[in-house]
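Using my numbering, the first residue of the sequence shown is number 1340, and each one after it goes up by one.
Don't be surprised by glycine CBs; every beta carbon is placed ideally from N, CA and C.
Everything numeric in this text was worked out from a predicted model, so none of it was measured.
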Amino acid sequence: MDPAATIRAYYETLRRGDPLEPYFVADSRAVKFGITERLTGYEAIAEGLRTQTETTIDWVVESHDLVVGERPTHAWFGDSVTMAWTDVTTGERHDYETRWSGTLTRRNDRDPGSESGLGPDTSADSGPTGRSTPEEWGFLSMHVSRPGTLDDSEQADRSESG
């Protein structure tokens, strides 16, 4: 699976309410920014995603402008995504236009300067066609935010600062 397919599979997994943590690299320096949180390190990301999966249902995830760059060992992406879900604890429906960006790495690459938590070496699992396995790429960072508008005082502050 190439990086774009990995990102699309993540979106589909989110829609289904299945576990998302396997998509992230097991690295203490991995980061995930959501609309309301900052999670640092695989353990915090995994716990945050498990909680999200347990407390939300009825996900809508619609990609509008996925752009992916790729090199042999890493990839990056940006997307505009319509996202909605229901909070099971309050019954409240959330619906947002969001911006996503992030980086992925090949899990079977061993960078001597990185932690060993990149996951299993899946190069032998490519199969007879040599196609990548779903486990080949993992997120090292992900950032999800909502576009906003500056109020008048913020706009004035920005114009004065240059």
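Proximity of the segment 1398–1418 to the segment 1374–1388 falls short of the contact definition, fewer than three beta-carbon pairs being nearer than 8 Å. By alpha-carbon distance to T1352, the top candidate from S1480, D1397, P1486, R1410 is D1397. Buried is the label assigned to P1342, since at least 16 other Cβ atoms lie within 10 Å of its Cβ. Counting C-beta atoms within 10 angstroms of its own C-beta, R1446 has 16 or more neighbours from the protein chains shown and is therefore classed as buried.
Judged by DSSP in its simplified three-state form, A1385 adopts helix.
Leaving aside the five residues that flank R1432 on each side, the residues in its chain whose CB is nearer than 6 Å to its CB run, in chain order, T1425. The shortest CA-to-CA distance from W1439 to any of V1427, M1481, V1364 is the one to M1481. Here L1479 has V1364, A1369, T1442, T1444 as same chain residues with Cβ atoms under 6 Å from its own Cβ, once five neighbours each way along the sequence are excluded.
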